[in-house]
Structure formats: structure tokens, C-alpha cells
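Asker:
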Amino acid sequence: GEVWTTYSYIQIGGMAVLLYGTAIYNAPNDGSLLLEGQWWAFGIDLRDEYDAIRKEKEEAEADAKWEGKRQEFKRTRSSFMESPRISIHTQALRGIGAQHN
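Right under this line is the structure:
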């Protein structure tokens with residue numbers, strides 16, 4: 079190692095700042111420190127912002143889930159292709175009538 083000098087303590091302080099910044103960078107995601115007014119958050123309270131971010135994330139997940147179900151329904155539940163009211167001639171033209179081996 080190196081000999082400790084006066085500047086070694088400044089380097090340790092800088093390393094602490096880097097680690098602290100990294101710990102709060104991705105908040106409110108898992109593994110990050112939340113700034114909710116604690117002593118180590120220096121009184122900064124971002125609860126409202128975290129709640130808004132969580133709500134947006136939940137809404138986006140619900141929208142994606144709904145869109146997936148909608149697309150699945152769209153692909154598998156076509157009443158146009160399965161309707162009994164389509165004439166035999168139209169079914170034959172579309173290849174959806176009785177299958178002959």
C-alpha cells in the first residue's frame with residue numbers, strides 16, 4: 079500500500095460521496111436508498127416523487143398486460159372467420175370450410 083497522507087482522508091471522503099451517490103441513483107428501484115427525510119438523506123424527502131414513479135410503473139405494467147391479452151384475443155377469437163353465417167361458398171374461397179383429406 080501507500081503511505082497515508084493528508085490527502086488520503088480527502089480521497090476517503092470522495093469515495094464515500096461516490097458510494098452514497100451510487101446508492102441513491104436508481105431510487106425507488108430495489109436495492110437503492112430512498113430519500114425520505116432520514117438523517118442520512120440530509121432532510122431531503124422525495125416520497126411524493128417515489129409514489130408517482132411507482133404509480134406510473136404499475137400503470138405501464140397493467141397497460142402492457144392488457145395489451146397482451148387484447149392481442150391474444152385478437153389473434154384467437156376472430157368472429158369473422160368462425161361465424162356460422164358465412165356462406166359455404168365464402169368459406170370455401172377462404173379455405174375455412176370443411177377439410178377434405
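In the numbering used here, each number is its position in the sequence shown, counted from 1, plus 78.
Where a beta carbon is used, it is the ideal one built from N, C-alpha and C, also for glycine.
Provide the residue span of the alpha helix (DSSP H) that contains VAL81, from first to last.
Answerer: Careful: VAL81 lies outside any alpha helix (DSSP H) and carries neither H nor E.
Asker: Between the Cα of ASN104 and those of THR168, GLN116, THR83, GLU127, spot the shortest distance and give me the residue it belongs to.
Answerer: The residue with the shortest Cα to Cα distance from ASN104 is GLU127.
Asker: For ALA101, which residues of its own chain have a beta-carbon under 7 Å away from its beta-carbon, when the five flanking residues on both sides are left out?
Answerer: So the list reads SER110, LEU111, once near-sequence residues are dropped.
Asker: Check the C-beta distance from LEU113 over to LEU96 and give it rounded, since I have them as a contact under 8 Å.
Answerer: No, LEU113 and LEU96 are not in contact; Cβ-Cβ is about 17 Å, not under 8 Å.
Asker: In this structure, does DSSP put ASP126 in helix, strand or coil?
Answerer: If DSSP states are grouped into helix, strand and coil, ASP126 belongs with the helices.
Asker: Straight-line CA distance for ASN179 to PHE151?
Answerer: The predicted model places ASN179 with a pLDDT of 49, which falls under 50 and marks its position as unreliable; any figure quoted below should be read in that light. The straight-line gap from Cα to Cα measures roughly 30 Å.
Asker: Determine the closest residue to TRP129 out of GLN149, LYS147, PRO106, LYS143, with distance taken between C-alpha atoms.
Answerer: Residue 129 is actually Asp in this sequence, not Trp. It is PRO106.
Asker: Can you name the residues that DSSP bridges to GLU134?
Answerer: BP columns for GLU134 are empty, so no partner.
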